[in-house]
Amino acid sequence: MTTPSAPTPVGTSQGGATPLKKALTTPLLYFFILGDVLGAGVYVLVGQVAAKSGGAVWVPLLLALLLSLLTAASYAELATKYPRAGGASHYATLAFGPFAGFVAGFCMLAAGVVSVAALARGFAGDYLAAFVSLPVVAVAAVFLCALALLNARGISESTRANVAATVVEVGGLLLVVGLGVWLFLRGDGDPGRLVRLGTADTGAAAGVLGGTVLAYYSFVGFETSVNVAEETRDPRRSYPRALFGALLTAGAVYVLVGIVASAAVPTATLARSSGPLLEVVREAGGVPPKLFSAVALVAVANGALLTGIMSSRLAYGMARDGLLPRFLTRVLPGRRTPWASIAATTVLAFLLALTGDVATLASTLVLLLLVVFFLVNIAVLVQRRDRTERPHFRAFTVVPVLGAVSCVVLATRVEAEVWTRGLIVLAVGVVLGAVAVVNRRRARPER
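Numbering (numbering that gives the first Met the number 0), first residue to last: 0 to 446.
The following block contains the structure:
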């Protein structure tokens, strides 16, 4: 028995919310995922990974890739089995019921909004300061409004803008790799740092795991793509190809960047820098630092755009499932984009951008996503009992098991202060989830 039908809002059709337009091809989806993964993470976190793991930065980057592929396989199975907006929230609802669905969706939504807030602050920080000095609040406000307008214009327009931005992002990272190679050829740098694991405070194993938690942030973003599976023309065929292709491409680039950054720049210098790849550019010479700062700004903006798309589609999907206010299912009549969800998530991101720095917001994001990833990996196993007629990708059973275990292991490496912040967010999600479930149960007799 379902909840009572609400009056049909503007932009929806009778019998439910207006279906989203199927506009994404495999190449567009590939660039969507690649652009989201190749975001601000690698541009700002290589130094912090080095501080945790030592000179062999490429090791935690490679390990983070392997762990990401485990959970990505679970997403590929569920996204091709149930191709609709809502993502982790929808999967958890199917597997465990509406309460777990709300908690998963709330954590995912909170993580997305937190990420956009962090990137808004990142855009307004040191890279922009290379050109002009402006108040962080004003820059964040204009930045978020511009992204919201592009998001509302349409998924095709947003993803095509992403293609251009992704080319710039990848070009910037390949530039770093090329400068590193040039630096080695002229006899500079220290390749010996590539095998140094651990620091004075941590051993090799603890250092690698600590660095992997931070490196994992550089790979998150692939999970956002499930929220546009409903807008993909052939999700069964396109989604796995785009997902695994994008992750492997990003992983290869990241490992190369980690190698050249570690060998080209002393570990202590990387650890102190908020723009570690800029240190490689300065060390190599020959390229104006402002040019690379411009590339970094494009990377940050692109990551925020794609995460904003995810957040709005997730809010739309949760509202359609009755887990958030029905108002959030409203779409623009012509564009068929979820304008109400876009507006709500943009306002929340701006408010969060006023309350914390980039590092704090990013750490909280990782913890929230580990909770979501754990639920998704378990949901794959539970939903094996649902034998749908639709052909879909299927992972080996051991893969989601290892994916769930990896989430637990990484969560044990998260700092206590971040756990405190994360538990507060989880508590809010639990309370709101309980309220949503009670409201749905009360509504059933009225049907």
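Every residue gets a Cβ at the ideal spot worked out from N, C-alpha and C, and that includes glycine. Please read these numbers as outputs of a predicted model, since none were measured by experiment.
Should residue 144 go down as buried or exposed, given a rule of 16 or more other Cβ atoms within 10 Å for buried? Exposed, because fewer than 16 other Cβ atoms sit within 10 Å of the Cβ of residue 144.
Find the nearest neighbour of residue 88 within the set 302, 80, 97, judged by alpha-carbon distance. Residue 88 has its Cα closest to that of 97, out of 302, 80, 97.
For residue 402 and residue 219, I'd like the C-alpha separation in whole angstroms. Residue 402 and residue 219 have their C-alpha atoms spaced approximately 14 Å apart.
Through-space distance from residue 211 to residue 430, alpha-carbon basis: Computed Cα separation, rounded: 32 Å.
Just to confirm before moving on: does the CB-CB distance between residue 433 and residue 215 stay below 7 Å? No, they are not a contact pair.
Out of 326, 130, 260, state which residue places its alpha-carbon closest to the alpha-carbon of residue 341. Checked all of 326, 130, 260; the closest Cα to residue 341 is 326.
So which of 328, 43, 185 has the shortest CA-CA distance to residue 276? Considering only alpha carbons, the answer is 43.
Do you know how far the Cα of residue 129 is from the Cα of residue 347? Straight-line Cα distance between these residues: approximately 28 Å.
Suppose the cutoff is 6 Å on Cβ atoms and the five residues either side in sequence are ignored; what does the same chain contact list for residue 377 look like? Within the same chain, residue 377 has close Cβ partners 403.
Is the distance from the Cβ of residue 203 to the Cβ of residue 209 below 7 Å? Against a cut-off of 7 Å, the Cβ pair of residue 209 and residue 203 comes out as no contact.
Can you tell me where the alpha helix (DSSP H) with residue 126 in it begins and where it stops? For residue 126, the enclosing alpha helix (DSSP H) stretches over residues 125-128.
Reducing DSSP to helix, strand and coil, say where residue 9 ends up. For residue 9, the pLDDT reaches just 30, beneath the cut-off of 50, and the residue's location in the model is therefore unreliable, although a value from the coordinates is still provided. Correct three-state label for residue 9: coil.
Pull up the distance between the alpha-carbon of residue 59 and that of residue 77, whole angstroms please. Straight-line Cα distance between these residues: approximately 27 Å.
Tell whether a beta-carbon distance below 7 Å holds between residue 54 and residue 192. With respect to the 7 Å criterion, residue 54 and residue 192 are classified as neighbours on the basis of their beta carbons.
If we ignore side chains and look at the alpha-carbon of each, how far apart do residue 115 and residue 306 end up? Roughly 6 Å separates the two Cα atoms.
How far does the alpha helix (DSSP H) with residue 238 in it extend, from its first residue to its last? Here the alpha helix (DSSP H) through residue 238 covers 234-263.
Among 79, 101, 303, whose alpha-carbon lies nearest the alpha-carbon of residue 319? Sorting 79, 101, 303 by C-alpha distance to the C-alpha of residue 319 places 101 at the top.
Identity of the residue in 27, 81, 57, 243 nearest residue 390 by Cα: With respect to the C-alpha of residue 390, the residue from 27, 81, 57, 243 having the closest C-alpha is 81.
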